[in-house]
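Mapped onto our numbering, the consecutive letters of the sequence shown carry residue numbers 11 to 257. Just so you know, even glycine gets a beta-carbon here, dropped at the ideal spot from N, CA and C. Values in this document were obtained by computation on a predicted structure and should not be read as measured data.
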Amino acid sequence: MFSFSGFQKNPAILEKSPLGAIKRLLFGKHSKISYSQCGEDIIIAGVLAALGIKRPTYIDIGAFNPVYLSNTYFFYQKGSNGVCIEPNRVLCKNIQRKRPKDICINMGIGLSAAAEAPFYIMNEATLSTFSKEEAERMCSYGNLSIEKVITIPLITLVEVIEKYLKGCPNFISLDVEGLDLEILKSFDFAKYRPEIFCVETITYTEDKSEKKIVPTIEFMQSNGYFVYADTYINTIFVDRAAWAARP
C-alpha cells in the first residue's frame, strides 16, 4: 500500500516524484492531497464548492501545526486566509513562520470574562489542553504526562471575529481537547453563522473505549446545523439555511 503522507509538507515534490506519477495513475490527475487527519479538508472543500464559496475565510482553533493534521492548510495554499489560534508559543511561532498570510494568535478561547487561564502542556503536544480534568484523565492511562502548566491570555470567539476578520468566517475548525462543547455554547449563533464547523467529537482513550461526544452533535443540531459528514474523529456540520439556499 502506497502512502503519500511523507510529502504533505511539500506537495510540489510529490507531483514531480515517481510517487507522483503513481498517484496520477491510481487516482487520476485531479486527485487531491489531504492534510487533515481523516480527509476532512477534502470533504469541506466539496461543501464550499456546492455553496459557491471559492475563497473561504476560516478560524482554526487549536491549530497545532501549519501543515500536518491541519484542517485549514488545504485552503491556505489555494489562496485563502484566516486566523489560527494556538496557545503553545513554540507551535504558534512555527505557524506564523510557515503561514505568513494568516493571523496567528498565541492565546486561548475564553468561555467567560476571565482574562487568562492555566494551559496544560502535555508530553504529546497535540493533546495539550485548558482542561485540568481532561489532562489528568489522559495522564491516568500511564503514557502521557503534563510537562508544564503555563498561564495563557484568553479571547472569546466573537472577539476574534470582530477584531481580526472583516466579517463572519465561512469555516471554523475546533479541536481543543475537552472544551469544544463549552466553546460552542459560548458562541453567538444569532449574530454569526459560519457555513461550516468541523469539531472533534470523539473522546481520547488508550484502551479502545472511545465514545462519540453526542451532546456536541445535539447542540449543533439545535442551533440549525446538520451533520454533513462524520469521520469518526471529527464531525462536519453545515448550516441548514445556507445549504438550502445553495446555488
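Residue i versus the options, residue with shortest Cα-Cα distance
i: G49; options: I71, N244 and A252; result: N244
i: V324; options: K88, K142 and Y242; result: Nothing about residue 324 can be reported from this structure: the residues present for the chain run from 11 to 257 only.
i: C102; options: K88, Q87 and T136; result: T136
i: E187; options: A59, S141 and I69; result: S141
i: N116; options: F85, G72 and Y151; result: G72
i: P229; options: P66, E192 and V159; result: Checking the sequence shown, residue 229 turns out to be Phe, not Pro. With distances taken between Cα atoms, F229 lies closest to E192.
i: D185; options: L154, D70 and D51; result: D70
i: T166; options: T139, A145, L194 and E157; result: L194
i: E143; options: N133, I156 and E134; result: I156
i: L154; options: S183, R65, E216 and K222; result: E216
i: E134; options: K176, F74 and D190; result: F74
Rounded straight-line distance, which links the Cα of residue j to that of residue i
i: I227; j: T211; result: 8 Å
i: F181; j: T161; result: 28 Å
i: N98; j: N233; result: 31 Å
i: G56; j: A255; result: 16 Å
i: I95; j: Y130; result: 16 Å
i: P179; j: Y68; result: 5 Å
i: C114; j: G152; result: 33 Å
i: F17; j: Q87; result: Because F17 carries a pLDDT of 44, less than 50, the predicted location of this residue cannot be relied on, and the following value inherits that uncertainty. Computed Cα separation, rounded: 15 Å.
i: L58; j: G89; result: 14 Å
i: F197; j: Q231; result: 14 Å
i: V237; j: F85; result: 21 Å
i: Q106; j: Y78; result: 14 Å
i: L189; j: S183; result: 13 Å
i: K218; j: S150; result: 14 Å
i: L61; j: I54; result: 11 Å
i: P257; j: G177; result: 21 Å
i: V168; j: A200; result: 11 Å
i: M132; j: V159; result: 9 Å
i: L164; j: K221; result: 29 Å
Residue j beta carbon less than 8 Å from that of residue i
i: N9; j: K108; result: The requested residue 9 does not occur in the structure, where the chain is confined to residues 11 to 257.
i: Y235; j: F207; result: yes
i: G118; j: A127; result: yes
i: Y214; j: M148; result: yes
i: A252; j: E205; result: yes
i: I171; j: Y202; result: yes
i: N104; j: P66; result: no
i: K64; j: I52; result: no
Environment of residue i [buried if 16+ CB atoms lie within 10 Å]
i: G120; result: buried
i: S80; result: buried
i: V209; result: buried
i: V1; result: Residue 1 is absent from the structure shown; the chain starts at 11 and stops at 257.
i: S46; result: buried
i: A145; result: buried
i: S122; result: exposed
i: S138; result: buried
i: V100; result: exposed
i: D249; result: buried
Heavy atom of the ligand COA within 7 Å of residue i beta-carbon
i: I95; result: With respect to small molecules bound, the structure shown includes none, and the ligand COA cannot be examined in it.
Contact with chain C by residue i, beta-carbon distance below 8 Å
i: R109; result: Protein chain content of the structure displayed is limited to a single chain, and chain C is not contained in it.
Next on the checklist: Runs of 4 residues minimum, wholly inside the region 108–158: which ones carry the alpha helix (DSSP H) assignment?
Outcome noted: 142–149
Next on the checklist: List, from N- to C-terminal side, the beta strand (DSSP E) runs of 3 residues or more that fit wholly inside the region 173–221.
Outcome noted: 181–184 and 206–210
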